[in-house]
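Heads up: the structure comes next, in structure tokens.
Protein chains: 2
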Amino acid sequence: MKGKIFIIEDEASIVQLVQHNLEKEGFVVSSSLNGNEGLKELKKFEPNLLLLDWMLPDLSGIDICKNIRRDSNLKSLPIIMLTAKGEEEDKIKGLESGVDDYVTKPFSFNELHARIKAVLRRSDPNIVANDLTFEDLKLDRIEKRVFRADKEIQLGPTEFRLLEFFLTNPKRVYSRDQILETVWPNNVNVESRTIDVHIRRLRQSINIKDKKELIRTVRSSGYSLV
Amino acid sequence: MKGKIFIIEDEASIVQLVQHNLEKEGFVVSSSLNGNEGLKELKKFEPNLLLLDWMLPDLSGIDICKNIRRDSNLKSLPIIMLTAKGEEEDKIKGLESGVDDYVTKPFSFNELHARIKAVLRRSDPNIVANDLTFEDLKLDRIEKRVFRADKEIQLGPTEFRLLEFFLTNPKRVYSRDQILETVWPNNVNVESRTIDVHIRRLRQSINIKDKKELIRTVRSSGYSLV
DNA sequence: TTTTAATGTTACAGAAATATTACAAATTAA
DNA sequence: TTAATTTGTAATATTTCTGTAACATTAAAA
Chain A
0 MKGKIFIIED EASIVQLVQH NLEKEGFVVS SSLNGNEGLK ELKKFEPNLL LLDWMLPDLS
60 GIDICKNIRR DSNLKSLPII MLTAKGEEED KIKGLESGVD DYVTKPFSFN ELHARIKAVL
120 RRSDPNIVAN DLTFEDLKLD RIEKRVFRAD KEIQLGPTEF RLLEFFLTNP KRVYSRDQIL
180 ETVWPNNVNV ESRTIDVHIR RLRQSINIKD KKELIRTVRS SGYSLV
Chain B
0 MKGKIFIIED EASIVQLVQH NLEKEGFVVS SSLNGNEGLK ELKKFEPNLL LLDWMLPDLS
60 GIDICKNIRR DSNLKSLPII MLTAKGEEED KIKGLESGVD DYVTKPFSFN ELHARIKAVL
120 RRSDPNIVAN DLTFEDLKLD RIEKRVFRAD KEIQLGPTEF RLLEFFLTNP KRVYSRDQIL
180 ETVWPNNVNV ESRTIDVHIR RLRQSINIKD KKELIRTVRS SGYSLV
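Chains as they are written, first to last, in numbering that gives the first Met the number 0: chain A, 0 to 225; chain B, 0 to 225.
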């Protein structure tokens with residue numbers, strides 16, 4: 000069971016696409032095209048997460064949000080809001096009124112999916128897969144622990160994110176730029192060579208003598224997990 | 000380069016979502032919200048594939064289709080049509096008028112993506128494939144690995160690119176100049192004879208005893224995969 | 001056959017990419 | 001605050017790759 004998601008969004012085509020994709024991912028999904036009805040159905044449906052459009056014909060997203068936070072049964076329902084490009088003020092209002100995250104339209108499904116997983120991971124950990132494994136390597140996202148051959152390994156924050164990144168797509172070769180984009184916070188400028196150093200640190204931590212090297216260097220291309 | 004895709008579809012939200020997702024996948028995408036303009040832009044854009052809505056405000060999908068098939072430059076342009084649920088008759092008409100495949104709304108992006116790859120693989124194979132194979136030779140572009148008869152082979156960066164190049168058009172004979180242009184980074188000046196050396200290195204790596212030579216020398220013309 | 005042009009082979013020096021180390025600044029914990 | 005940890009970079013070491021030149025071999029032409 001992957002959890003239940005409710006969508007309140009007035010653009011039918013968006014609802015269809017998102018709903019279809021989420022169902023393919025194993026979520027149980029229900030939706031409503033307007034705010035007032037949505038609120039009612041929502042209470043019956045008891046979702047684990049709500050996708051909420053910010054611009055609705057009847058009720059505004061902020062009203063729905065407040066309404067939910069006032070309701071003791073829904074108080075802790077995670078909400079991801081869908082905003083149109085440039086509605087920066089709304090984002091701020093949204094975050095103030097208790098929204099957990101936001102996604103700007105147009106968004107790719109992958110982007111939305113990643114946000115949903117991230118939010119669910121915080122609020123409802125056993126709904127989402129939290130363990131990444133590869134061979135005798137295991138990474139627990141909840142407890143932030145890493146094991147090699149059942150022995151716990153201590154990693155610094157950056158090395159943890161780096162390994163987490165590699166584990167989401169083992170074997171695939173990533174360039175330094177790709178690694179930088181994904182593993183480092185946005186708009187941070189670090190030398191591309193810096194990655195070599197972190198790779199070195201990660202290698203040192205996860206390598207066990209007599210066990211094979213897990214990180215492969217692909218000259219002129221990047222690195223991958225092997 | 001993954002290829003260029005043009006979209007003619009009047010629902011802006013669908014266009015946005017599909018375009019965004021396709022661009023994330025590495026395609027170059029352009030689009031138009033109506034038929035007449037679309038046809039014009041299409042000719043300028045020169046896509047590898049067209050996504051065509053069947054219900055447009057001005058021109059019908061079938062008209063566009065016929066128009067395209069009549070144009071000698073666009074004759075072989077692969078078309079995937081987007082139909083609403085239950086327009087079965089249209090599908091038949093569509094296939095008769097030269098559509099390559101169709102997708103029924105609402106569709107998941109993955110579904111669409113799969114269709115696109117399938118159609119492109121037929122029409123324009125080297126745009127989409129990540130695995131290149133020829134006889135018992137296999138090159139994986141994602142993992143950057145090469146196998147001969149299921150045995151992994153280690154190649155340097157240049158030899159890898161060289162083999163990748165040959166694999167996109169096996170059997171075809173390439174002159175040294177053509178090889179140089181494509182395999183070497185632009186505005187690099189290397190002796191044409193240098194290629195002989197790399198060919199030699201590649202041969203040494205991919206040849207297995209008792210197996211036939213895979214690279215053929217065509218005296219005074221160049222080399223090819225055989 | 002001899003000659004000639006094209007390709008094959010080899011070795012090697014410089015270039016390029018990566019690995020390693022050390023350290024100071026920044027961040028976090030105590 | 002001090003101490004400990006983490007980070008990014010620069011400097012240096014090491015490894016691997018590249019291009020070329022010199023010489024060898026082969027195939028076609030004369």
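For every residue, glycine included, the Cβ atom is placed at its ideal position computed from N, Cα and C.
Cβ neighbour criterion (16 or more within 10 Å) applied to residue i
i: residue 36 (chain A); result: exposed
i: residue 52 (chain A); result: buried
i: residue 20 (chain B); result: buried
i: residue 56 (chain B); result: exposed
i: residue 144 (chain B); result: buried
i: residue 14 (chain A); result: buried
i: residue 196 (chain B); result: exposed
Proximal residues to residue i (C-beta, below 7 angstroms), its chain only, five neighbours per side dropped
i: residue 173 (chain B); result: 221, 222 and 223
i: residue 126 (chain A); result: 1, 2, 47 and 119
i: residue 171 (chain B); result: 223
i: residue 215 (chain B); result: 222, 223 and 225
i: residue 58 (chain B); result: 34 and 35
i: residue 194 (chain A); result: 175, 178 and 179
i: residue 198 (chain A); result: 214 and 222
Nearest-angstrom Cβ-Cβ length linking residue i and residue j, presumed shorter than 8 angstroms
i: residue 119 (chain A); j: residue 47 (chain A); result: 7 angstroms
i: residue 101 (chain A); j: residue 115 (chain A); result: Residue 101 (chain A) to residue 115 (chain A), Cβ: 12 angstroms. No contact.
i: residue 204 (chain A); j: residue 158 (chain A); result: 6 angstroms
i: residue 122 (chain B); j: residue 77 (chain B); result: 5 angstroms
Own chain, CB closer than 8 angstroms to residue i, minus 5 neighbours either side, in chain order
i: residue 155 (chain B); result: 200
i: residue 150 (chain A); result: 207
i: residue 83 (chain A); result: 53, 54, 103 and 104
i: residue 189 (chain B); result: 179 and 183
i: residue 140 (chain A); result: 120, 129, 130, 131 and 163
i: residue 110 (chain A); result: 102
i: residue 191 (chain B); result: 175, 176 and 179
i: residue 212 (chain B); result: 202, 206 and 225
Cα-Cα separation, residue i to residue j
i: residue 22 (chain B); j: residue 209 (chain B); result: 46 angstroms
i: residue 75 (chain A); j: residue 50 (chain A); result: 14 angstroms
i: residue 112 (chain A); j: residue 18 (chain A); result: 11 angstroms
i: residue 176 (chain A); j: residue 218 (chain A); result: 14 angstroms
i: residue 160 (chain A); j: residue 25 (chain A); result: 26 angstroms
i: residue 138 (chain A); j: residue 38 (chain B); result: 52 angstroms
i: residue 187 (chain B); j: residue 202 (chain A); result: 35 angstroms
i: residue 34 (chain A); j: residue 98 (chain B); result: 41 angstroms
i: residue 8 (chain A); j: residue 117 (chain B); result: 33 angstroms
i: residue 81 (chain B); j: residue 5 (chain B); result: 13 angstroms
i: residue 11 (chain A); j: residue 12 (chain B); result: 10 angstroms
i: residue 32 (chain B); j: residue 62 (chain B); result: 16 angstroms
i: residue 70 (chain A); j: residue 146 (chain A); result: 41 angstroms
i: residue 28 (chain A); j: residue 45 (chain A); result: 11 angstroms
i: residue 106 (chain B); j: residue 142 (chain A); result: 37 angstroms
i: residue 30 (chain A); j: residue 41 (chain A); result: 8 angstroms
i: residue 43 (chain B); j: residue 185 (chain B); result: 26 angstroms
i: residue 60 (chain A); j: residue 67 (chain A); result: 11 angstroms
i: residue 148 (chain A); j: residue 136 (chain B); result: 35 angstroms
i: residue 152 (chain B); j: residue 152 (chain A); result: 33 angstroms
Close-in-space but distant-in-sequence residues of the same chain around residue i (CB under 6 angstroms, 5 per side omitted)
i: residue 181 (chain B); result: 164
i: residue 108 (chain A); result: 20
i: residue 16 (chain B); result: none
Ignoring anything shorter than 4 residues, give me the alpha helix (DSSP H) runs that lie fully in the segment 92-142 of chain A, in order along the chain.
Those alpha helix (DSSP H) runs which fall completely within the segment 92-142 of chain A and span 4+ residues are 108-122.
Mind pulling the alpha helix (DSSP H) runs of 4 or more residues that sit fully within the segment 164-204 of chain B?
Entirely contained in the segment 164-204 of chain B, the alpha helix (DSSP H) runs reaching 4 residues are, in chain order, 175-182.
Runs of 3 residues minimum, wholly inside the segment 31-70 of chain A: which ones carry the beta strand (DSSP E) assignment?
The segment 31-70 of chain A is shown to contain whole beta strand (DSSP E) runs of 3 or more residues at 48-52, in chain order.
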